[in-house]
Every structure is written in structure tokens, then in C-alpha cells.
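Q: When you line the sequence shown up against the numbering used here, it's residues 2 to 85, in that order.
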Amino acid sequence: MQKLMKARVHITLKNGVLDPQGKAIENALGGLGFDGISEVRQGKYIEIVLENVSPAAAQASVESMCEKLLANTVIENYEIDLEA
Numbered sequence: 002m003q004k005l006m007k008a009r010v011h012i013t014l015k016n017g018v019l020d021p022q023g024k025a026i027e028n029a030l031g032g033l034g035f036d037g038i039s040e041v042r043q044g045k046y047i048e049i050v051l052e053n054v055s056p057a058a059a060q061a062s063v064e065s066m067c068e069k070l071l072a073n074t075v076i077e078n079y080e081i082d083l084e085a
């Protein structure tokens, strides 16, 4: 039986990094009448299904994916959630 693991990766800009898309969303929400909105930040969400790996191997593999491709670690943070 094949063991599947799902990884959910949330990527966000680091604090202090300008977020023009977040600012545009903030302005648009204000224009639509939503009051009290501030400091909107946008990010990326990625789901990955890994086959036949242990939780530790899945964590290590997805961390490597983030470091090498999925996140620009100079300006972005990432968080990984695993589900068996």
C-alpha cells in the first residue's frame, strides 16, 4: 500500500519587505467600503503530495524544495504543515 503525505507550504514576505500587492489589496478593500483595514500582506500557498516517505523525510524534502525553488529566502519566510 502506498503511503501518501500532503505538505502545505505557506510563503510570506519577511517583515520590513515592501508588499505592493498587499497595499493594492488594502486600497481596494477600502474602496469597497471595508473600514478599519490596515497592513494587508499577501503570500503564496502551495500543496504538494509526496509518496512513500516518512514524516521526517517529507519535512526535509519540502524544506529543501523551499530553499532551492519555492521561496526566495532572502525576502520570504515559509511554513510547512504535513498531513499523513
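Glycine included, every Cβ here is placed at the ideal spot set by N, Cα and C.
Can we say the stretch 60-70 touches the stretch 28-38, given the rule of at least three CB pairs closer than 8 Å?
A: No: the two stretches stay apart, fewer than three of their Cβ pairs being nearer than 8 Å.
Q: Would you mind stating whether isoleucine 81 and valine 63 have Cβ atoms separated by less than 7 Å?
A: Taking the first residue of the sequence shown as position 1, residue 81 is located at position 80. Taking the first residue of the sequence shown as position 1, residue 63 is located at position 62. Yes, the pair counts as a contact, with Cβ atoms nearer than the cut-off.
Q: How many Å lie between threonine 13 and valine 75 at the Cα?
A: Residue 13 sits at position 12 when you count from the first residue of the sequence shown. Residue 75 sits at position 74 when you count from the first residue of the sequence shown. Each residue's alpha carbon lies about 11 Å from the other.
Q: When you compare the CB positions of cysteine 49 and alanine 8, do they come within less than 7 Å of one another, or not?
A: On the sequence shown, residue 49 is found 48 positions in, with the first residue counted as 1. On the sequence shown, residue 8 is found 7 positions in, with the first residue counted as 1. According to the sequence shown, residue 49 is isoleucine rather than cysteine. In this structure, alanine 8 lies closer than 7 Å to isoleucine 49 by Cβ.
Q: I'd like the span of the beta strand (DSSP E) that includes glycine 44, first residue to last.
A: On the sequence shown, residue 44 is found 43 positions in, with the first residue counted as 1. Where glycine 44 is concerned, the enclosing beta strand (DSSP E) stretches over 44-52.
Q: Going by DSSP, what residue range makes up the alpha helix (DSSP H) through alanine 85?
A: One-based indexing of the sequence shown puts residue 85 at position 84. Segment: none, alanine 85 is in no alpha helix (DSSP H) and carries neither H nor E.
Q: Would you identify the three-state DSSP class for valine 18, choosing helix, strand or coil?
A: By one-based count along the sequence shown, residue 18 stands at place 17. In this structure, valine 18 counts as coil in the three-state DSSP scheme.
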